[in-house]
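As structure tokens, the structure follows; a few thoughts come after it.
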Amino acid sequence: MAKMTYIKAITSGLDQVLNDDSKTLIFGEDVGKNGGVFRTTVGLQDKYGEDRVFDTPLAESGILGLAIGLSLTGWRPIPEIQFMGFTFEAMDGIVGQLARDHYRFGGQKKFPVTIRTPFGGGTHTAEMHSDNLENYFVSTPGLRVVTPANPYDAKGLIISAVESDDPVLFMENLKLYRSMKDEVPDDKYTVPLDSAKVVREGSDVTLVAYSAEVNEALSAADALAKDNISAEVIDLRSLSPIDTDTVFASIDKTHKVVIVQEAQRMAGVGAIVASDIAEEKIMSLDAPIGRVAAPDSVYPFAQAEGDWIPNADDIEAKAREIVNY
Amino acid sequence: MANGSKQIVDFAKIKATMADSYKHPVQVIDREGKVVDPDTLAKYSDDQLVDFMKKMVWERTLHEQTMNFSRQGRLGFYAPTAGEEASEMGSVTAFKEQDFLLPAYRDLPQMIQHGASVAKGFLWSKGHIQGNQYDNPNMIFPQIIIGAQYVETAGVALGIQKNGDKDRVAFVYTGDGGTSQGDWYEGINFTSAYQAPAVFFVQNNGWAISVPRRKQTAAETLAQKAVAMGVPSVQVDGMDIVAVHEVAKEAREFAAAGNGPVVIETLTYRYGAHSSAGDDPSRYRTKEEEKPWFDADPLIRMRKVLTDKKLWSQDQEDKLVEEYKDEFKNAMKEAEAAPAQKVSDFLKWTYDVPTPAVKKQIAEFEAKESK
Ligand SMILES: Cc1ncc(C[n+]2csc(CCOP(=O)(O)OP(=O)(O)O)c2C)c(N)n1
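Line by line, the protein sequences give chains A and B. Under the numbering used here, the first residue of the first sequence is numbered 727, with each subsequent residue one higher. Under the numbering used here, the first residue of the second sequence is numbered 54, with each subsequent residue one higher.
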């Protein structure tokens, strides 16, 4: 075991899958010699050669087409889209083609593609570099969407994603890359692709979050604990599918829930969770479903991110409102 | 006769010769500062030549000052421009105020020449919305999504044509990496199909972050890509401001006269890192590669021509640099005095008519912001 940053844990997971399966290929813009603009693939080209880890021309639609074609010829592609905002250039490849191909072939062919992309904000990147676009992907049948909130899950999930024969969108949080360290096993392990995790036990209210907001929810839980409010925190980890069983089990215990997302309120994940809860657990609830999200503006300019991204204070306030309902 | 040796198509020969007409970069002043095309140079008055030099000194000083500001933490994302002065200043000066500019993130200097203030440029870099609000309506903000400005150019050029505007064109920039995007082809091809007035610049500075130009395509020149779309194109020595300007001016005239678009590849070099976010060029390129480009410096070249004509002195240049520095420092003060941004404003600008949910959120944020 070693203490690893979130980004190192992903590198370690990628190293593992490249080592285990000679059919895996990493490609994208700047992933080779430069090791990616965030250095996630650093050292991998040196270790596995230019045939396995290589730079592409600058074209996201091309990158996704390449991934699909490589799958059709027996490879296991791990393309990188340099920032989530650039997935739009590859939207037909991801949503229009890849996600539908298993179905379109009547299950005859497999598309074991893992698309890695950084997302989220709060790091003062240039315009269009911070984004929470998960809603476009979670509403796409045929595609799995996962996002780790800590280094341990990052390594386990990337390995599961690459080993899965379904296409997976693996979202890496910009802010967590270097702000978080954890004990991460050196050896291979996996984290299931479709399971949420209770990261803090509690009895008064359930806080459902994912990615960087899990940490905000944990801080909010600390603050609430000072007033003897016991919050249970759930990290969704998988956004498609959503592990509603874990969420429902918690609601049966706490009877109150607040759903947190970094994305704008109108951008779906929180709304999906809320409607699932309303459908199945409404009778178990003692208060309305609470939601914390960014406002419905375009992702803001860098200087204003601090006022825009939901933080622990916002979560704490909403949780108090729900608990005191 | 079986197995005749003659092929009906000689692909090897086609491949070997397809770049032939594009591999002769237009040049007026060579790397040693020697005038190789005196006829073209003679078209320019002394004042114009001095003005070229001043603009390049302005851009180099802007670059140096922004690097200082970046180190002091006073800017956000900034794409360094040192090395590209001849390409940027030579081209932008060939256009008129009514021409529509669609820049990429490395084209702030052209935007400033086209009517955005330096302070706006800094505000854009700092991630402030005011950096996207310009006095000259004939431009968009620096495009981040590579290739998007090329397709949008097709629309601007068609709009100009449909409006019946005479003596007006669209002009647009991308880098060598940008030529790999589908949008790059679609933008040029649409413009060609409509024969709309646009000049497409490719500033080939050798690198797309860490990926060298030769890994973008096996085509020997980027200029030749235009031929498939029926668009005339040319390579120009992008370290020679007179050559760039002359080619850009002729392209503009050609497009404005209703002949359809032109593609210009300027051969230039990015001296430093890709951006102020701190990539390290030594990870992917060598000193040996860099040296000949530094030696081809556009300022050194022009300085030589002007000094020979007794139109320029180091003294004069030093004074200018100081003036420009002051201008940039003042612009930074102006940028730093801009009011803090409000989430309520972002909400107001997301729709022209705010939706009911957004109206509610505006009220919530206004309440928070007034505290
Ligand atoms: C659609 C899209 N994909 C990727 C990027 C990330 N990116 C920013 S600059 C760059 C390289 C661009 O190189 P080039 O077009 O040669 O222009 P230069 O920066 O060298 O001027 C990349 C990959 C982006 N901004 N937009």
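Think of the CB as a built atom: it goes at the ideal place given N, C-alpha and C, for glycine as much as any other residue.
Measuring only the C-alpha atoms, how far is Asp348 of chain B from Val315 of chain B? 30 Å
Confirm, please, whether the CB-CB distance from Val284 of chain B to Gly245 of chain B is below 8 Å. This sequence places Ser at residue 245 of chain B; Gly is not what is there. Yes, the Cβ-Cβ distance between Ser245 of chain B and Val284 of chain B is below 8 Å.
Cβ of Leu824 of chain A within 7 Å of any heavy atom in ligand 1? no
For the structure I just gave you, are there three or more beta carbon pairs, one from the region 206-224 of chain B and one from the region 134-153 of chain B, closer than 8 Å? yes
So the candidates are B:Gly126, B:Gly230, B:Ala172 and B:Leu352; which of them puts its Cα closest to the Cα of Glu197 of chain B? Note on identity: in this sequence residue 197 of chain B is Ile, with Glu being the wrong assignment. That would be B:Gly230, whose Cα lies nearest to the Cα of Ile197 of chain B.
Take the Cβ of Arg842 of chain A as the centre, count every other Cβ of all protein chains shown within 10 Å, and call the residue buried at 16 or more, exposed below. buried
Contact set between Asp969 of chain A and chain B, taken where Cβ atoms lie within less than 9 Å: Going along chain B, no residue has its Cβ under 9 Å from Asp969 of chain A, so there is no contact; the nearest lies around 28 Å.
Run through DSSP, which three-state label would Lys923 of chain A get? strand
Taking just the CA atoms, how far does Gly996 of chain A sit from Gly1059 of chain A? The requested residue 1059 of chain A is not part of the displayed model; chain A covers only 727 to 1051.
Cβ-Cβ separation, Leu161 of chain B to Gly174 of chain B (assumed contact under 8 Å), whole Å: 5 Å
Note down, in chain order, all residues in the region 115-138 of chain B with a beta-carbon under 8 Å from any beta-carbon belonging to chain A. Gly129 and Phe130
Relative to chain B, which residues along the region 947-977 of chain A have a C-beta separation below 9 Å, given in chain order? none
Examine ligand 1 and report whether any of its heavy atoms sits within less than 7 Å of the Cβ of Phe812 of chain A. yes
Could you spell out the range, first to last residue, of the alpha helix (DSSP H) harbouring Ile415 of chain B? Pro409 to Glu422
For a contact defined as C-beta to C-beta under 7 Å, what are the partners of Ile241 of chain B on chain A? Result: empty, since nearest Cβ-Cβ is about 15 Å, beyond 7 Å.
So the candidates are A:Ala957, A:Tyr903 and A:Lys914; which of them puts its Cα closest to the Cα of Val925 of chain A? A:Ala957
As a quick exercise: from A:Asp930, A:Asp912, A:Val940 and A:Glu909, pick the residue whose alpha carbon is nearest that of Lys923 of chain A. A:Val940
Cutoff 8 Å: Gly231 of chain B Cβ touching any chain A Cβ: yes
Would you say the beta carbon of Ala1045 of chain A comes nearer than 7 Å to a heavy atom of ligand 1? no
When you compare the CB of Val62 of chain B with every CB in chain A, is at least one pair closer than 8 Å? no
What does a CB cutoff of less than 6 Å around Tyr732 of chain A pick up in its chain, not counting 5 residues either side in sequence? Pro877, Ala880, Leu902, Tyr903 and Met906
Candidates B:Tyr337, B:Ala249 and B:Glu85, of which the one nearest Asp772 of chain A by Cα: B:Tyr337
Any beta carbon of chain A sitting closer than 8 Å to that of Arg433 of chain B? Outside the modelled stretch of chain B, which goes from 54 to 424, sits residue 433 of chain B, for which no answer is possible.
Is the CB-CB distance between Leu102 of chain B and Leu359 of chain B below 8 Å? yes
Please state the DSSP three-state secondary structure of Trp260 of chain B. strand
Please decide whether Glu755 of chain A counts as near chain B, where near means a Cβ-Cβ distance under 8 Å. yes
Identify the residues that DSSP records as bridge partners of Asp196 of chain B: which are they? The sequence shown places Gln at residue 196 of chain B, not Asp. DSSP output for Gln196 of chain B lists B:Ala157 as bridge partner(s).
Between Gly754 of chain A and Gln834 of chain A, is the Cβ-Cβ spacing less than 8 Å? no
Return no unless some Cβ of chain B is closer than 8 Å to the Cβ of Asp785 of chain A. Per the sequence shown, the amino acid found at residue 785 of chain A is Ala instead of Asp. Yes, because at least one Cβ of chain B sits closer than 8 Å to the Cβ of Ala785 of chain A.
What distance in whole Å lies between the Cβ atoms of Leu859 of chain A and Gly839 of chain A, which are believed to be in contact at a cut-off of 8 Å? For the sequence presented, residue 839 of chain A should be read as Val rather than Gly. Contact flag wrong, Cβ pair sits at about 18 Å.
In the DSSP assignment, find the beta strand (DSSP E) that holds Pro877 of chain A and state where it starts and stops. Not the beta strand (DSSP E): Pro877 of chain A falls in the alpha helix (DSSP H), residues Pro877 to Glu889.
Keeping to the same chain, check which residues put their C-beta closer than 7 Å to that of Ile294 of chain B; ignore five residues upstream and five downstream. Phe105, Met109, Ala139, Met142, Gly143, Pro351 and Met355
Quick one: any contact between the region 734-754 of chain A and the region 766-782 of chain A, if contact means 3 or more CB pairs under 8 Å? yes
Given 7 Å as the limit, tell me if Trp177 of chain B has its C-beta closer than that to any heavy atom belonging to ligand 1. no
What's the call for Asn745 of chain A, buried or exposed, on a 16-neighbour Cβ count within 10 Å? exposed
Using a Cβ-based criterion (distance less than 7 Å to any ligand heavy atom), does Glu370 of chain B qualify as near ligand 1? no
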